[in-house]
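Here the sequence shown stands for residues 73 to 486, where the numbers follow my numbering.
Below you'll find the structure, written out as structure tokens, and then a few comments.
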Amino acid sequence: MEHGYEDGSRPAPERDADDAGTRALALLMHAAFFLLLGASLARFLLRHPGEARTPWIIGLSLALAALYVIGPVLGSRPTTRSLVWLGGLVVVWMVVVVLAPSFAWCAVPLFYTGLRILPPRAAYALVALLTLFVVAAQLRLAHGFDPNLVLAPPAVAAVATAVFVHMRRQAVRQGRLIDDLLRTRRELAATERREGTLAERQRLSMEIHDTLAQGLSSQQMLLQAADRTWDTDPAAARRHVRTAEGIAERNLAEARRFVHDLAPADLAEGGGLDAALHALAARETAQAQGRLTVRCHIEGAPHTVLPDRTQSALLRIAQGALANVTEHAGATEAALTLTHLDDRTVLDIADNGHGFTPTTATGTPGGERGHGLPAMRARLHQLGGTLTIESAPGEGTVVTATVPVVAPTPQDPA
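Right, here's the structure in full:
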């Protein structure tokens with residue numbers, strides 16, 4: 073699960089990964105500074121033993137090392153303390169360079185320190201000042217004018233500055249890229265959650281329509297019939313009530329299985345889709361009490377066991393289609409025909425009702441009335457199947473659901 077950050081910052085692991093290169097470069101520069109400082113002090117002691125300035129050089133070298141150690145504690149932000157520290161460090165270095173020009177090459181790590189702490193313009197000015205001191209110190213050590221000593225320090229300073237600026241810009245671009253990627257990941261995760269929510273809502277609406285809503289509609293019709301015959305035919309009224317009670321019991325089982333996301337109750341009882349369709353036909357016939365007879369026919373045998381999703385979808389489509397027959401068709405007979413072919417399974421729901429004109433009743437999938445037909449199409453679309461409707465006024469209706477059958481992959485002989 074992705075977590076967003078209101079301030080737009082990146083999580084700590086990503087920031088640490090970005091800072092790894094900067095820390096490595098800082099450690100390298102720290103090591104270079106102390107190496108150059110130690111080499112410069114050793115060179116001075118070897119070439120100028122016992123001079124009056126030697127104690128000063130040693131003391132200033134130790135002070136310079138101590139000051140440099142404090143730097144990492146203050147951080148790299150241009151605060152008042154870090155600016156005062158940097159100024160003191162540069163001043164001490166300049167004094168050492170005036171007394172012993174061989175310490176001039178310690179300026180290279182100081183370039184990095186200034187570029188890291190100061191704003192760009194101030195950092196470039198500091199680099200120029202340090203470079204001038206290095207040139208002056210080298211000319212003091214030389215016997216006569218040497219163009220190489222005048223050109224080499226500025227070249228080194230320019231290269232060091234360009235490398236640092238390039239690395240900083242690369243780090244900024246990389247940070248922005250990581251921020252963009254993380255934002256894209258968060259947006260993608262949010263989109264997937266929204267799509268998952270919509271898909272689940274669609275699934276819930278189809279399940280409720282094909283089970284609970286249809287059952288409640290049948291109960292309402294039966295109870296209304298019982299109310300009309302309660303005084304004139306108490307026995308018929310009691311039959312209607314008992315039938316409604318059976319539907320309520322069935323709906324309760326469907327609701328419990330629906331809550332636990334199990335298969336439809338008819339499939340859960342065993343026997344597969346064939347048995348479930350036979351049970352559905354018998355139940356619809358009993359509930360109609362002579363007004364509708366539903367027959368079930370099974371043609372052929374499946375070459376492979378149908379997936380649970382396919383069986384559940386076809387059973388729900390049969391339930392929805394029969395509910396439409398009961399409520400709207402005014403039919404006296406209906407037939408469920410399940411045909412197992414080599415490459416597909418076909419379910420036909422036919423009735424002898426008054427029919428309708430499919431082009432005006434359905435139109436496009438987006439213009440279908442109610443929830444029954446859109447729910448059927450949605451179920452079949454998820455399985456790669458199709459739904460066709462054949463009907464005409466006065467000639468009944470045939471709803472055909474076709475689902476492709478994926479043959480099992482043959483196993484290589486052992």
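Every residue gets a Cβ at the ideal spot worked out from N, C-alpha and C, and that includes glycine.
With DSSP run on the structure shown, which of helix, strand or coil describes residue i?
{"i": "R363", "result": "coil"}
{"i": "E123", "result": "coil"}
{"i": "P192", "result": "helix"}
{"i": "V377", "result": "coil"}
{"i": "A474", "result": "The sequence shown places Thr at residue 474, not Ala. Of the three classes helix, strand and coil, the one that applies to T474 here is strand, per DSSP."}
{"i": "T469", "result": "strand"}
{"i": "P219", "result": "helix"}
Give every residue of the same chain whose Cβ lies closer than 6 angstroms to the Cβ of residue i, excluding the five residues on either side of it in the sequence, and list them in chain order.
{"i": "S154", "result": "L146 and I189"}
{"i": "A406", "result": "V366, V397 and D423"}
{"i": "A464", "result": "G427"}
{"i": "T203", "result": "P225, P226 and A229"}
{"i": "L294", "result": "H312, T315 and A316"}
{"i": "T283", "result": "E326"}
{"i": "R212", "result": "P173"}
{"i": "T233", "result": "V199"}
{"i": "E462", "result": "V470"}
{"i": "A395", "result": "Q286"}
{"i": "P430", "result": "I461 and S463"}
How about residue i and residue j: do their beta carbons lie closer than 9 angstroms?
{"i": "T315", "j": "E356", "result": "no"}
{"i": "V366", "j": "T417", "result": "no"}
{"i": "A401", "j": "T469", "result": "yes"}
{"i": "A309", "j": "A297", "result": "yes"}
{"i": "R410", "j": "L349", "result": "The sequence given here has Leu at residue 410, not Arg. Yes, the pair counts as a contact, with Cβ atoms nearer than the cut-off."}
{"i": "L134", "j": "F175", "result": "no"}
{"i": "A447", "j": "S277", "result": "yes"}
{"i": "A393", "j": "V471", "result": "yes"}
{"i": "L413", "j": "A473", "result": "no"}
{"i": "L136", "j": "T126", "result": "no"}
{"i": "C35", "j": "L408", "result": "Since the first residue of the chain shown is 73 and the last is 486, residue 35 is not available in this structure."}
{"i": "E259", "j": "G287", "result": "no"}
{"i": "P192", "j": "V237", "result": "yes"}
{"i": "L455", "j": "L445", "result": "no"}
{"i": "R363", "j": "T301", "result": "no"}
{"i": "P173", "j": "A124", "result": "no"}
{"i": "L387", "j": "L345", "result": "yes"}
{"i": "F205", "j": "M166", "result": "yes"}
{"i": "Q246", "j": "A450", "result": "no"}
Using a Cβ-Cβ cutoff of less than 8 angstroms, which residues in the same chain neighbour residue i once the five nearest sequence positions on both sides are dropped?
{"i": "W157", "result": "L139, I142, G143 and L146"}
{"i": "P122", "result": "According to the sequence shown, residue 122 is Gly rather than Pro. Same-chain partners within the cutoff: there are none."}
{"i": "H102", "result": "Y140, P144 and P181"}
Suppose the cutoff is 7 angstroms on Cβ atoms and the five residues either side in sequence are ignored; what does the same chain contact list for residue i look like?
{"i": "Q359", "result": "S290, T315 and I319"}
{"i": "V478", "result": "none"}
{"i": "W128", "result": "L171"}
{"i": "G466", "result": "H426 and G427"}
{"i": "L109", "result": "S133, L136, A137 and C178"}
{"i": "V169", "result": "F175, A176, F205 and A209"}
{"i": "A373", "result": "H412"}
Does the CB of residue i have a neighbour CB from chain C at under 9 angstroms?
{"i": "A354", "result": "Going by chain labels, chain C is absent from the structure shown, which holds only one protein chain."}
Run through the segment 379-462 for me and flag every whole beta strand (DSSP E) of 3 or more residues, listed as ranges in chain order. DSSP runs (the beta strand (DSSP E)) wholly in the segment 379-462: 405-412 and 416-423.
Taking one C-beta from the segment 174-187 and one from the segment 149-163 each time, how about it: are there three or more such pairs within less than 8 angstroms? The segment 174-187, when compared against the segment 149-163, does touch it at the 8 angstroms Cβ threshold.
Pairs of beta-carbons, one from the segment 225-240 and one from the segment 168-185, closer than 8 angstroms: are there three or more? Yes, since at least three Cβ pairs between the segment 225-240 and the segment 168-185 fall closer than 8 angstroms, the two stretches touch.
Quick one: which unbroken beta strand (DSSP E) runs of 3-plus residues sit fully inside the segment 283-333? Chain order, please. Considered as a whole, the segment 283-333 harbours no complete run of any beta strand (DSSP E) with no fewer than 3 residues.
Extract the residue ranges of the alpha helix (DSSP H) inside the segment 152-203, only unbroken runs of 4 or more that lie entirely within it. If one requires a minimum length of 4 residues, the alpha helix (DSSP H) runs lying completely within the segment 152-203 are 152-171 and 179-189, in chain order.
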